[in-house]
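Enquirer:
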Ligand code: CDP
Ligand code: CDP
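Numbering (the UniProt record's numbering), first residue to last: 1 to 226.
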């Protein structure tokens, strides 16, 4: 098989974007980070002075805004209405509000349409929370990546030392656990492992091992890849 789609879901810090990007590069596929799209909406809402509690205004902003994803040197670049928001969508403020915005059914409906369109050509690796279960139910390969919450917090801690020097590992662990809970408990398209997804617990796996395992699954399960 030449081109197929891979859905990668899982909780925060499981390694989804790192691994999805490497798998896409190896296969010559397009990588789509759907979390960046929910972050882009959240950034636009907050920077427009709108409260995340004002659902109707949030939906109106989501409907109007233009989100573009482009491959960049250090991962995916995100443009919102022509503005490069790549760094801003990773702020602690956006991270703290994104799950509330992502729980709004109409926001999900608007972004899901865009995501399905991006994957229509095939040859896409898409990561998120509801890709295998909801956005691309026909994806040829579905992976559910997870790791213990402590290890996921440690990974994030090592990553953001420069920006949030005062944050503790315990704080990060409880932030991550709270976000997972919101993502798992929302009514519309919650974070869930699709019944036909392959579970990979990466708690004690290196990035290289995870990538190799997924490439092997492409060969054995889909009959494609390198
Ligand atoms: O990279 P990290 O794990 O911190 O999160 P992300 O993938 O950037 O996603 C940020 C948030 O967007 C998640 O916590 C979810 O609330 C939401 N999200 C979602 O609801 N559905 C998706 N397909 C992707 C992200
Ligand atoms: O996208 P998601 O939130 O699931 O995770 P990520 O942003 O790709 O990964 C979080 C951090 O964990 C990154 O700094 C990765 O380099 C690191 N990581 C790791 O150390 N070992 C793995 N097996 C996977 C990711």
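Ideal Cβ positions, reconstructed from N, Cα and C, are used throughout, including at glycine.
Tell me which residues share the same chain as residue 180 and place their Cβ nearer than 8 Å to its Cβ, disregarding the 5 neighbours each side in the sequence.
Expert: If we look at residue 180 and ignore the five residues flanking it on each side, its Cβ neighbours are 11, 12, 149, 191.
Enquirer: Rounded to a whole number of angstroms, what is the C-alpha to C-alpha distance between residue 225 and residue 125?
Expert: Cα to Cα, residue 225 sits roughly 12 Å from residue 125.
Enquirer: Are the CB atoms of residue 78 and residue 61 nearer to each other than 7 Å?
Expert: In this structure, residue 61 does not lie closer than 7 Å to residue 78 by Cβ.
Enquirer: Is any heavy atom of ligand 1 found at a distance shorter than 6 Å from the C-beta of residue 23?
Expert: Answer for residue 23: no, Cβ out of range of ligand 1.
Enquirer: Less than 7 Å separating the beta-carbons of residue 55 and residue 94?
Expert: Taking 7 Å as the Cβ cut-off, residue 55 and residue 94 do not qualify as a contacting pair.
Enquirer: For residue 21, count the other beta carbons within 10 Å of its own beta carbon; 16 or more makes it buried, fewer makes it exposed. Which is it?
Expert: Residue 21 is buried by the Cβ-count criterion.
Enquirer: Excluding sequence positions up to five away, which residues of its chain have a Cβ less than 6 Å from the Cβ of residue 39?
Expert: These residues qualify, in order along the chain: 89, 94, 98.
Enquirer: Give me the DSSP bridge partner(s) of residue 144.
Expert: Paired residues: 9, 199.
Enquirer: Going along the chain, which residues of its own chain have a beta-carbon closer than 7 Å to the beta-carbon of residue 213, five neighbours each way excluded?
Expert: Here the set comprises 200.
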